[in-house]
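The structure under discussion appears below in the form of structure tokens.
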Amino acid sequence: MTPASASAPAATATAVSPSAPVPPLADRVRSTGGSPVRDILAVTARPEVINFAGGLPAPELFDREGVADAFRYVLEEAPAQALQYATTEGEPALRERLAARVTARGLPTDADDLLVTTGSQQALSLLATALLDPGDTVLVEEPCYLAALQVFGLAGARIVAVPGDADGPDPDALAALVARERPKLLYTVPTFQNPTGRTLPAGRRAALAAVAARHGLWIVEDDPYGELRYDGEHVPWIAAHPDARDRTVLLGSFSKVMAPGLRLGWLRAPAALRRACAVAKQAADLHTPTVNQLAAARYLAVRDLDAHVRRVAAVYRERRDAMLAGLPDALPQGSVWNSPDGGMFLWARLPESYDTTALLPQVVRHDVAYVPGAPFHAGEPDRSTLRLCFVTQTPEEIGEGLRRLGKGLFGR
Numbered sequence: 315m316t317p318a319s320a321s322a323p324a325a326t327a328t329a330v331s332p333s334a335p336v337p338p339l340a341d342r343v344r345s346t347g348g349s350p351v352r353d354i355l356a357v358t359a360r361p362e363v364i365n366f367a368g369g370l371p372a373p374e375l376f377d378r379e380g381v382a383d384a385f386r387y388v389l390e391e392a393p394a395q396a397l398q399y400a401t402t403e404g405e406p407a408l409r410e411r412l413a414a415r416v417t418a419r420g421l422p423t424d425a426d427d428l429l430v431t432t433g434s435q436q437a438l439s440l441l442a443t444a445l446l447d448p449g450d451t452v453l454v455e456e457p458c459y460l461a462a463l464q465v466f467g468l469a470g471a472r473i474v475a476v477p478g479d480a481d482g483p484d485p486d487a488l489a490a491l492v493a494r495e496r497p498k499l500l501y502t503v504p505t506f507q508n509p510t511g512r513t514l515p516a517g518r519r520a521a522l523a524a525v526a527a528r529h530g531l532w533i534v535e536d537d538p539y540g541e542l543r544y545d546g547e548h549v550p551w552i553a554a555h556p557d558a559r560d561r562t563v564l565l566g567s568f569s570k571v572m573a574p575g576l577r578l579g580w581l582r583a584p585a586a587l588r589r590a591c592a593v594a595k596q597a598a599d600l601h602t603p604t605v606n607q608l609a610a611a612r613y614l615a616v617r618d619l620d621a622h623v624r625r626v627a628a629v630y631r632e633r634r635d636a637m638l639a640g641l642p643d644a645l646p647q648g649s650v651w652n653s654p655d656g657g658m659f660l661w662a663r664l665p666e667s668y669d670t671t672a673l674l675p676q677v678v679r680h681d682v683a684y685v686p687g688a689p690f691h692a693g694e695p696d697r698s699t700l701r702l703c704f705v706t707q708t709p710e711e712i713g714e715g716l717r718r719l720g721k722g723l724f725g726r
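Written out as structure tokens, the structure is:
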């Protein structure tokens, strides 16, 4: 028999054992949804969509040359250091320059007061790890920064909204909630808040600090937008108030003033809490990328970041004004909105009969998008609200986007 005509051996059947299902995901993940903002951005990624949904800085305003020069310098002059592991607390050169910037804005700070984080979003996660046990109560603004709600939810915290008004959380309501709920912390974005764009006045900040001192409460003060001021005077941080200095954690970020892709943030906290956050960071990522930290330190040494921020703010002011000018024709009669003094966002409330979540698919068909207001609420959602980001598009694009928005809302 030739090889070609030989019969192939019979296949041997292999028994497959039944397999048990793998263990389920953690309860905290299953009970915490994804980010509606990220979901909306994925749906509206088409280039023809004018997207007011994202909180994205304008990419054409990045100082690409300055950032590239800083990276070239550290990779040519200190490659062994730039490409190596680093300390968890952060590169000393960057912390020194950050401390000088914080001090110049009215809060005396040393390098050792700071922990460099991989974006200020990581700082929130580290604080949740260091401060919160499952079942602990966290107080938040209403509405609240959406990703903070996600962080606290993943930590298993019970999230309670503090009643407030156009000036932010009400101090009397805060005091009553602290006495009743015994929370660990209050989270606030007091300057150009996300999502509303509002700023807490100095008197309101002092009152919140007094409540924290009187009742025993941590304050987490998140300030990613504070340098983007277009109108009015600087309002001192809550962390600078005498009543709050030993109980306030101040968070900052380079994402809105330099570039979000660097993923550089920082937290300033009392020593014991800062050390606890450093331990949590060791378990999370060991340290923030060394090359990014050294490039940022070089940038701060040779470039004028404040002048760059002023140039960006001047452009953003024009874009805010363009949105404010177009809103009366875009939104239904009876709508109200704010005029923020800075930041990136504008908050609008339509008449009560409008549900901005239900309306969004209809609006997106007109190639424009916003973020519905409901997901930003820890308590009862206000379904007639929406958030608009005004910094990413040019005034002409904003005008066209608002015309599309009006068509979508009115079903034209």
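Convert by adding 314 to the 1-based position in the sequence shown; the result is the number in our numbering.
Note that CB positions come from ideal geometry on N, CA and C, so glycine has one too.
These numbers come from a predicted model, not from an experiment.
When burial is assigned at 16 or more other CB atoms within 10 Å of the CB, is residue i buried or exposed?
i: residue 615; result: exposed
i: residue 601; result: buried
i: residue 435; result: buried
i: residue 724; result: exposed
i: residue 548; result: exposed
i: residue 405; result: buried
i: residue 493; result: exposed
i: residue 625; result: exposed
i: residue 440; result: buried
i: residue 403; result: buried
i: residue 644; result: buried
i: residue 482; result: buried
i: residue 336; result: exposed
i: residue 373; result: exposed
i: residue 642; result: exposed
i: residue 413; result: buried
i: residue 578; result: buried
i: residue 521; result: buried
i: residue 560; result: exposed
On the DSSP bridge list, what partners appear for residue i?
i: residue 582; result: 428, 564
i: residue 652; result: Per DSSP, none; premise fails for residue 652.
i: residue 536; result: 565
i: residue 501; result: 454, 534
i: residue 683; result: 365
i: residue 482; result: 479
i: residue 703; result: 659
i: residue 381; result: Answer is none; residue 381 lacks a bridge partner.
i: residue 472; result: 451
Measuring CB to CB, does residue i end up less than 8 Å from residue j?
i: residue 473; j: residue 682; result: no
i: residue 638; j: residue 649; result: no
i: residue 453; j: residue 491; result: yes
i: residue 612; j: residue 425; result: no
i: residue 630; j: residue 700; result: no
i: residue 608; j: residue 392; result: yes
i: residue 604; j: residue 396; result: yes
i: residue 484; j: residue 476; result: yes
i: residue 444; j: residue 597; result: no
i: residue 401; j: residue 582; result: no
i: residue 408; j: residue 610; result: yes
i: residue 709; j: residue 633; result: yes
i: residue 617; j: residue 380; result: yes
i: residue 531; j: residue 499; result: yes
Given residue i, which residues of its chain have a CB within under 7 Å of its CB, disregarding the five upstream and five downstream residues?
i: residue 511; result: 652, 654, 657, 659, 660, 661
i: residue 713; result: 636, 640
i: residue 715; result: 364, 366, 682, 707
i: residue 398; result: 604
i: residue 697; result: 669, 670, 671, 688
Could you name the residues of the same chain whose beta carbon sits closer than 8 Å to that of residue i, not counting the 5 residues immediately before and after it, in chain order?
i: residue 466; result: 442, 446, 452, 454, 473, 501
i: residue 571; result: 541, 542, 619, 622, 623, 626
i: residue 529; result: 489, 492, 493
i: residue 721; result: 680
Skipping 5 residues on each side, what residues in its chain have a beta carbon closer than 6 Å to that of residue i?
i: residue 562; result: 533, 535, 552, 553
i: residue 342; result: 468, 470
i: residue 566; result: 537, 580
i: residue 489; result: 525
i: residue 427; result: 582
Review point. Do the region 450-458 and the region 663-675 meet, that is, are 3 or more Cβ pairs less than 8 Å apart?
Key: no
Review point. Is the region 501-511 touching the region 537-550 in the sense that three or more CB pairs, one from each, lie closer than 8 Å?
Key: yes
**Study point:** At least 3 beta-carbon pairs within less than 8 Å: the region 413-425 vs the region 544-562
**Key:** yes
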